[in-house]
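Chemist: For what it's worth, our numbering labels the leading residue of the sequence shown as 96, then goes sequentially.
Beta carbons: idealized from backbone N, C-alpha and C, even for Gly.
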Amino acid sequence: MSDNIIKVTVTDREGKDHELDAPTDMGMNMMELCKAAELPVEGTCGGMAMCASCHMYIQSDHTLNDLSDDEEDMLDQAFFVEENSRLGCQIHLSHEIDGLKVRLAPINND
Ligand code: FES
Numbered sequence: 096m097s098d099n100i101i102k103v104t105v106t107d108r109e110g111k112d113h114e115l116d117a118p119t120d121m122g123m124n125m126m127e128l129c130k131a132a133e134l135p136v137e138g139t140c141g142g143m144a145m146c147a148s149c150h151m152y153i154q155s156d157h158t159l160n161d162l163s164d165d166e167e168d169m170l171d172q173a174f175f176v177e178e179n180s181r182l183g184c185q186i187h188l189s190h191e192i193d194g195l196k197v198r199l200a201p202i203n204n205d
């Protein structure tokens, strides 16, 4: 069973690290994992790459799946975008990202 669990670390907006056990066999993504851990990630669009509420920065040097056109378009419109910005809902939990470190992007309060 533990073969299907990876560890990821999420830094919240207060700078606190949360080490999470992430299942790789449930078809989940980083947005859903953060929500399940009650971290402040809204996931407003339900993971369709249409809201950017799951915007996060990749802090470790993992190679992730490429950005889809939808994700790229959404990040074009998002605030506080950096080189290492990704949408959490587009990062699928898999063994390739074991040890991943991410930081939640700030919320735009306009
Ligand atoms: S949940 Fe909306 S873009 Fe990721």
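Where do the N-terminal and C-terminal ends of the beta strand (DSSP E) with E114 fall, by residue?
Modeler: 112-118
Chemist: Whose CA, out of A147, H190, D112, lies closest to the CA of Q172?
Modeler: A147
Chemist: May I ask you to verify whether the stretch 98-108 touches the stretch 173-192, counting CB pairs closer than 8 Å and requiring at least 3?
Modeler: yes
Chemist: Using a threshold of 7 Å, is the CB atom of T119 nearer than that to any non-hydrogen atom of the ligand FES?
Modeler: Incorrect: T119 has no Cβ contact closer than 7 Å to the ligand FES.
Chemist: If contact is defined by three or more beta carbon pairs under 8 Å, each pair taking one atom from either stretch, is the stretch 110-122 in contact with the stretch 158-168?
Modeler: Too few Cβ pairs lie closer than 8 Å, so no.
Chemist: What do you get for I202, buried or exposed, if any count of 16 or more other CB atoms within 10 angstroms of its CB means buried?
Modeler: With fewer than 16 other beta carbons inside 10 angstroms of its own, I202 counts as exposed.
Chemist: Residues around the ligand FES, please: the ones whose beta-carbon is closer than 7 Å to some heavy atom of it, in chain order.
Modeler: M126, G138, T139, C140, G141, G142, M143, A144, M145, C146, A147, S148, C149, M169, L182, G183, C184, Q185
Chemist: So what does K130 bridge to, in DSSP terms?
Modeler: BP columns for K130 are empty, so no partner.
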